[in-house]
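In the working numbering, the protein residues as written are 361 to 413.
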């Protein structure tokens with residue numbers, strides 16, 4: 361499905377972006393918060409890849 365393919369490609373991209381934001385000086389997102397959010401988005405991408413159940 362096209363929506364699954366989109367989610368599979370966009371969640372990792374967003375994960376990378378939020379990690380970059382967390383690393384910026386003065387960011388309102390802490391590096392730890394950014395890392396946790398990125399992990400959630402990578403898990404979602406994995407879910408949409410069909411490799412889980």
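For every residue, glycine included, the Cβ atom is placed at its ideal position computed from N, Cα and C.
Buried versus exposed, by CB contacts within 10 Å (16 or more), residue 375:
Result: buried.
Using C-beta distances below 6 Å, list every residue in its chain close to residue 404, excluding the 5 sequence neighbours before and after it, in chain order.
Its chain contains 371 as the residues whose beta carbon lies nearer than 6 Å to that of residue 404, once the 5 sequence neighbours on both sides are disregarded; these appear in chain order.
Residue 386 (DSSP reduced to helix, strand or coil):
Correct three-state label for residue 386: coil.
Is residue 408 near residue 379, with beta carbons less than 9 Å apart?
Taking 9 Å as the Cβ cut-off, residue 408 and residue 379 do not qualify as a contacting pair.
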